[in-house]
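The block underneath contains the structure these notes are about, expressed in structure tokens.
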Amino acid sequence: MDNDRKLSEELLKADGIIPDSVTEYERAAFRKILDEQSKSKRTGLGASQPNIWRIIMKNRISKFATAAVVLIAVALSIVLIDKSITPAWAIEQTIEVLEGMKVVHLAGYAKYPDRPRETFEIWAMPHSMDGSVSGNFKLVEGDNHISLANERENITYVYTRHPKWDVLYITEGLNRGCNPFLTGDLFRQLKEMGRNWKERYGRDEETGRDSVFVTFIGPPVNTAPYWKLQFDVETKLPVRGSVWYSEGYEGVPHFEYTSIEYDREIPEGFFDFDIPDGTQVVDCRMLRDLLDRDPNYGILVGQVSTYDACKKVIEKYWQAVIDRNWDDVKKIRPLAAGDSLEKLQLTYQVHEPSELVSIQGVNHLDDPGTFVEATCVVKMKDGTMGQSVLNVEIRQMPRGKVGVVAGTIGAEFDEIY
Amino acid sequence: MDFDKQVEEIVLRSQNGDRAAFEALFEIYQPRLKYYVRRMDGRGTNADDMLQDIWLTVFKKIHKLKDTKAFAVWLYRIARNKVYSGFKRKERFVSLPQENELPVSGSDEPVFNADDAKKLHRALDELKPYHKEVLTLSFVERMSYESIAGVTGCSIGTVRSRIFYAKQSLRKEMERQNG
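These protein sequences, in sequence, are chains V and R.
Counting along the first sequence from 1, when you hit position 248 you're at 248 in this note's numbering, and nothing is skipped either side.
Heads up, this note's numbering is the position in the second sequence plus 417, with the first residue counted as 1.
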């Protein structure tokens, strides 16, 4: 037996593992998995498992959807504090009911002017230390986006499936949420908001339950300020809602909540994130830790907007690349060091940039859950054009506002034409 | 037929829904996969659940594996993603290679043999996660640098230098344990 193989076997033995053998327990557990999977395939039950990762996503509505959750709460408060409706709507009762809730689940549709209508679902739990904000939070949009904040890990995951690549941002802290959470305090604080509200009693078209239908002008979700909400008279809970661009409630609502449920059972591990295969993981904490350790990285951008700061960083970066000033490249792009810098230099040798032509599509500005994504169009010396999606980070540091390039999404040049 | 060919044939049969073939894959890879998962999941308490989860994913997705020769790399990538997903402590995510990952000659690279196994096993757990990972894949799975690069998503050069520095760290740790 060769030494490498013997070493491998001895290591396994040192860990109590018998080489080339599995225990009966493991074998039985594995066969059970096979049996269950075969059974679910036959019965079709497998497809009904909570494979929520595949349900949704194509846009960046996370913040807006979250805002919409808040606004439902806002609108709810307005209705409930109007004592003219009925004594059953006493705010204290509603506050009591909602403060006992540990989970809220919302499902519905989002429609943006330039995109098809998409589904979304939100699950949120109040923070264990501060019930006025959410802790665990999950948003699934369409079939290409998941935002997940895990209170135990104090980590936020933002996953987006693009046509060319899948990207997962990992950041420290709870950077997605349903804030403020649906508490009584929220209603007290927001009772003054909203105007021109009208209530109409009727029955739910599906369940036939007594309901009150409310319309009012409230805080806008994006630019959609016209709200419709439906409350169950008996439970006092909101059951449906929508927000519209049009005062006449014409066309398709911007957001439509077709289901609002409380205290829905959450399976164990529901707020853990399972990284899909082939995903590009952008662990923002690595760069942020690096900047904390060595504040000399990056360039000072001055007190300008995040967009202008990004523009400045991107222009400086490409100028350094064009000038082959690798010291500046490393300063602006701190994670490009050692082996990765050599790889970068090789890429820029094969595709030699001569001019930054334009910056297109700057996304995730001021989003603590991701880096900025900026699509750069670069002209090469041979006349071809390249497209590169740079990740940019702008941070306020003791020496001022600093900008760095974190890396690229996809290849350095995801398209050459 | 050599081992790689055998595995490739078993993978193909598994892709066609052959249950016995799938069980054979489990028998071949489970022991070493378990060692890898235990090393990477430092607490070890989740290892069994994680292993089941890994095999469940393999079962569900094996039909999507295009390069049947690359089964081991694919398997360990699934395992790596599961382990990283399951990490509860932030330092496991933020651990950055501290060494300058330049190509190394390998001329003064420490060598380990089977007699070192027990000490080596203890010392492995004291290494940084990214060092522990490449050495585990190298020692236990006996993967090539290219395959390790495939699992970890690093370049071959990075893998080479990482293994070089990892072996140096390992030797130091073993010497420290020996007093």
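Note that beta-carbon positions come from the ideal geometry of N, C-alpha and C, so glycine has one too.
These figures come from a predicted structure and were not determined experimentally.
- Contacts between valine 557/R and chain V, judged by CB atoms closer than 8 Å, involve Ser8, Leu11 and Leu12 in chain order.
- At a Cβ-Cβ threshold of 9 Å, aspartate 339/V and serine 572/R count as neighbours.
- With a threshold of 9 Å between beta carbons, glycine 338/V makes contact with chain R.
- Inclusion of leucine 168/V and glutamine 280/V in the CB contact set at 9 Å is warranted, their separation being smaller than that value.
- Glycine 177/V is positioned such that its CB atom lies no closer than 9 Å to that of alanine 107/V.
- When only Cα atoms are considered, leucine 300/V and aspartate 323/V end up about 20 Å apart.
- Sequence-ordered contacts of the region 572-595 of chain R with chain V read Ser572, Gly574, Thr575 and Ser578 [C-beta pairs closer than 8 Å].
- Beta-bridge partners of glutamine 360/V (DSSP): Thr375/V.
- Looking from the CA of lysine 228/V, the closest CA among Glu247/V, Ser358/V, Ile314/V and Ala406/V belongs to Glu247/V.
- Check the Cα spacing between glutamine 423/R and each of Lys535/R, Ala489/R and Ile580/R: the tightest is with Ala489/R.
- Going by beta carbons, threonine 156/V and glycine 173/V fall inside the 9 Å limit.
- Per DSSP, isoleucine 155/V is one residue of the beta strand (DSSP E) stretching across 155-161.
- For methionine 125/V, the three-state secondary structure derived from DSSP is strand.
- Note that the C-beta distance between asparagine 391/V and isoleucine 416/V is not below 9 Å.
- At least 9 Å separates the beta-carbon of asparagine 3/V from that of alanine 464/R.
- Between lysine 381/V and proline 398/V, the gap from beta carbon to beta carbon reaches 9 Å or more.
- Assigned with DSSP and collapsed to three states, alanine 411/V falls in coil, not helix or strand.
- By the neighbour-count criterion, in which 16 or more other beta carbons inside 10 Å mark a residue as buried, methionine 457/R falls on the buried side.
- For glutamine 423/R, there are no neighbours in chain V by C-beta distance under 7 Å, as the nearest C-beta there is about 14 Å away.
- Ranked by Cα distance from alanine 487/R, the options Asp466/R, Ile565/R and Arg436/R are led by Ile565/R.
- Note on aspartate 367/V: 16 or more other CB atoms within 10 angstroms of its CB, so buried under the neighbour-count rule.
- Residue pairing by DSSP places threonine 215/V opposite Lys198/V and Lys228/V in a beta bridge.
- Fewer than three beta-carbon pairs drawn from the region 534-548 of chain R and the region 307-321 of chain V are found closer than 8 Å, and the two stretches are therefore not classed as touching.
- In this model, valine 214/V and tyrosine 245/V are separated by some 16 Å (Cα to Cα).
- For alanine 149/V, the pairing in a beta bridge is given by DSSP as Phe137/V and Thr156/V.
- Inclusion of leucine 237/V and tyrosine 262/V in the CB contact set at 9 Å is warranted, their separation being smaller than that value.
- Interface criterion not met: the Cβ of leucine 291/V is under 9 Å from no Cβ in chain R.
- Bounds of any alpha helix (DSSP H) do not take in glutamate 247/V, whose DSSP letter is neither H nor E.
- Taking each of Ala14/V, Glu206/V, Val233/V and Val405/V in turn and checking the Cα distance to valine 321/V, the smallest one comes out for Val405/V.
- Here lysine 451/R is buried, its C-beta having at least 16 other C-beta atoms within 10 Å.
- Cβ atoms of phenylalanine 443/R and valine 22/V come within 8 Å of each other, at about 7 Å.
- Comparing alpha carbon positions, the residue from Glu563/R, Val557/R and Arg577/R closest to arginine 455/R is Val557/R.
- Excluding five sequence positions before and after lysine 312/V, the CB atoms of its chain that fall closer than 6 Å to its own CB belong to Val301, given in chain order.
- When only Cα atoms are considered, methionine 385/V and arginine 115/V end up about 28 Å apart.
- Under the DSSP assignment, phenylalanine 255/V falls in the beta strand (DSSP E) whose first and last residues are 255-262.
- CA-CA distance, lysine 138/V to tyrosine 112/V, rounds to 21 Å.
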